[in-house]
Amino acid sequence: TDLGRKVSLLYLDPLGASMYIKGLRKTTATTPSLLLLALIALSPDMPKVYASRREWRIIDDAVELYAGYSGDILDYIMMEAELSEHYYSVMKTALILEEWINEESEDTISSRHNIGPGDIHGIVETASWLSKAMYELAVKVMPERASRLRVLSERVRYGVKEELLELVKIPGIGRTRARRLYQHGFRGFYDLERASINEIAKVPSIGPTIAKNIKEYLKYTGSL
Numbered sequence: 264t265d266l267g268r269k270v271s272l273l274y275l276d277p278l279g280a281s282m283y284i285k286g287l288r289k290t291t292a293t294t295p296s297l298l299l300l301a302l303i304a305l306s307p308d309m310p311k312v313y314a315s316r317r318e319w320r321i322i323d324d325a326v327e328l329y330a331g332y333s334g335d336i337l338d339y340i341m342m343e344a345e346l347s348e349h350y351y352s353v354m355k356t357a358l359i360l361e362e363w364i365n366e367e368s369e370d371t372i373s374s375r376h377n378i379g380p381g382d383i384h385g386i387v388e389t390a391s392w393l394s395k396a397m398y399e400l401a402v403k404v405m406p407e408r409a410s411r412l413r414v415l416s417e418r419v420r421y422g423v424k425e426e427l428l429e430l431v432k433i434p435g436i437g438r439t440r441a442r443r444l445y446q447h448g449f450r451g452f453y454d455l456e457r458a459s460i461n462e463i464a465k466v467p468s469i470g471p472t473i474a475k476n477i478k479e480y481l482k483y484t485g486s487l
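Going by our numbering, the first residue of the sequence shown is number 264, and it counts up by one from there.
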């Protein structure tokens, strides 16, 4: 089938693809990001992060916040994850990803969840691929969810809130520099186009070289 070819091209485990398709059909326009991230983490393609018994209460408290308006998706995630005895691992992975896309530092995530920086990078790299794959599947089976999943996929890739997605696409501007630019009034390409190199260079951690590179990038992409 056309959908089967798409799954093959995305290099997805067919079981994981089936979980995504069934799960997407249980989401709503207001499904919390945490539960969408948990759906991503549910896939057998996603490495599972160990959750100790001490962490179970923290995870339960976090999930309970969404129990009242999450629809059928939470029940679906719990059912699928419990079948594989990975429920708390799935939800811990989702919590890590949620902190990542909300711009928590790697040090904070590492100490809070007792994982190393290499583990964080591995989780993010895999989730970046899987979130993009889930978006591609949504285009086929739930097009009304596709736009939101595309944004979520980009947030996972860059580790930022939605407001920074334009800035982090500039080469050399990661999540930290993008946030500093934003805090100093440079909210996107338009603001950077109107500013001089010297004005941009005054932003902490930017400097004249990066400011010049920003201007050259905007010129190259046709923004200037």
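Virtual Cβ for every residue (Gly too), placed ideally from N, Cα, C.
Just so we're clear, the structure is a prediction, and the values are computed from it rather than from any experiment.
| Check | Outcome |
| --- | --- |
| For A401 and S271, the rounded distance between their alpha carbons | 15 angstroms |
| Pair within 8 angstroms by beta-carbon distance, V414 and S394 | no |
| Meets three-Cβ-pair contact criterion under 8 angstroms: the stretch 315 to 327 and the stretch 447 to 456 | no |
| Rounded separation between A396 and L275 - CA only | 8 angstroms |
| Pair within 8 angstroms by beta-carbon distance, I340 and L287 | no |
| Where L297 falls: helix, strand or coil (DSSP) | helix |
| Neighbourhood of M354 by C-beta distance below 7 angstroms, restricted to the same chain and skipping five residues each side | A301, I322 and V326 |
| Three-way DSSP call (helix, strand, coil) for I436 in this model | coil |
| N377, DSSP secondary structure in three states | coil |
| Which of helix, strand or coil DSSP assigns to H349 | coil |
| Continuous alpha helix (DSSP H) stretch holding E407: start and end | P406 to Y421 |
| With 16 other Cβ atoms within 10 Å as the buried cut-off, status of S306 | buried |
| Span of the alpha helix (DSSP H), counted from its first residue to its last, around Y313 | From DSSP, Y313 is part of no alpha helix (DSSP H); its letter is neither H nor E. |
| DSSP three-state assignment for P467, whether helix, strand or coil | coil |
| Cβ separation of Y445 and E426, assumed to be a contact under 8 angstroms, to the nearest whole Å | 7 angstroms |
| Within 8 angstroms, strictly: CB atoms of I336 and L278 | no |
| Distance CB(Y351)-CB(W319) smaller than 8 angstroms | yes |
| Through-space distance from T356 to A409, alpha-carbon basis | 22 angstroms |
| Burial state of D265 (16 or more Cβ within 10 Å) | exposed |
| CA-to-CA distance, P467 to I291, given in whole angstroms | For the sequence presented, residue 291 should be read as Thr rather than Ile. Taking the straight line from one Cα to the other gives about 41 angstroms. |
| Where the alpha helix (DSSP H) through G286 begins and ends | P277 to L287 |
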